[in-house]
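This report concerns only the one structure given below.
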Amino acid sequence: METVFIWAIILVVLGVVVLAKSVVTVRQGYNYTVERFGRYVSTFQPGFHLMIPFIFAIGRKVNMMEQVLNVPSQEVISKDNAVLTVDGVVFYQVLDAAKAAYEVNNLEYAILNLTMTNIRTVLGSMDLDESLSQRDSINHRLLSVVDEATTPWGVKVTRIEIKDISPQQDMVQSMARQMKAEREKRATILEAEGIKQAAILEADGEKRAAILEAEGRQESAFRDAEARERLAEAEAKATRVVSEAIASGDVQAINYFVAQKYVGALEAFANSDNQKTLLLPMEATAILGSLAGIGEIAKETFGKDK
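Residue numbers for the sequence shown, in numbering that gives the first Met the number 0: 0 to 305.
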């Protein structure tokens, strides 16, 4: 009786084990590969599945969600022999569980090393300035190369981002000095341009002032010449009138010229800078007589015109 009880217990335990191995529940976000005697035959999608135990077995449990790999820092030599410290991050997703499980051993390690190798290749083909300023271009080139290389593994690399590119300390100091020198150069150029522009504006102003002054002198000279011309015409007319008077025997016409010179000489004496006292060694009645003569000539002339 005891023997039968023991065998019953053994059969129940065996049945529970067989049932447990026959029922497979795949979680969301995962795919399980199924092997028959160690050979891949199919893939279980998320959900409830049954299989024959001991003949079929679960091979690999593959994460089908998008995953992130941190790329550790590494030193890279650029095209112009600058040493850079670079790290990054890789986003990838498994699209084919069977390929990811059986086409490559240690998928994460393979992707990580492939990414690090291509980072050295891409940055090694660029100058320091390009490496620091063209990060989007670097990410695009890395993504294109790594995604193509991982396609046979059933993996889709969705994004590769370079987190940090750090030159060595002495290079950073050199870049700071170069930037400072460049800024000082730009400041000097701007200052020189300002001085040049100011000089041009000043010269243009002086030119315009000189032109205006020359035009003013020209206008003044023209008006002076016109005034002298009119004065000369008046003097010529006066001389002609006096000459006609002399020709007709009028003595007062001679007094006109004498009085004119006489008055001019007195005016020169009076306007002299060093003249304070004016002595007249002649009689004032002579001057008045000459002026009277001028008046007579004028009366006769205008009387004739009437």
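Don't be surprised by glycine CBs; every beta carbon is placed ideally from N, CA and C. Computed from a predicted model, the values in this text were never measured in an experiment.
- Assignment of Val103 by DSSP, reduced to helix, strand and coil, places it in the coil class.
- DSSP places Arg140 in the uninterrupted alpha helix (DSSP H) bounded by Arg134 to Thr149.
- Counting C-beta atoms within 10 angstroms of its own C-beta, Trp152 has 16 or more neighbours from the protein chains shown and is therefore classed as buried.
- Spanning the alpha carbons of Ser242 and Gly204 requires a straight line of approximately 55 Å.
- Remark: C-beta atoms of Val70 and Asp95 do not approach each other more closely than 7 Å.
- In the structure shown, the three-state DSSP call for Ile54 is coil.
- Leu83: not part of any alpha helix (DSSP H); member of the beta strand (DSSP E) spanning Val82 to Val93, first to last residue.
- Here the alpha carbon of Leu122 sits roughly 42 Å from the alpha carbon of Ser41.
- In the three-state reduction of the DSSP assignment, Ser77 falls in the coil class, being assigned neither a helical nor a strand state.
- Between Leu141 and Ile159, the C-beta gap is smaller than 7 Å, which places the two residues in contact.
- In the DSSP assignment, Phe36 falls outside any beta strand (DSSP E) and carries neither an H nor an E.
- DSSP places Gly46 in the strand class (E or B) of the three-state scheme.
- The Cβ atoms of Phe90 and Glu107 do not sit closer than 7 Å to each other.
- Counting C-beta pairs closer than 8 Å gives three or more between the stretch 20 to 36 and the stretch 45 to 54, which meets the contact rule.
- In the DSSP assignment, Glu160 falls within the beta strand (DSSP E) that extends over Val154 to Pro166.
- In chain order, Thr42, Val61, Met63 and Ala96 place their CB closer than 6 Å to the CB of Asn30, counting only its own chain and leaving out the 5 sequence neighbours on each side.
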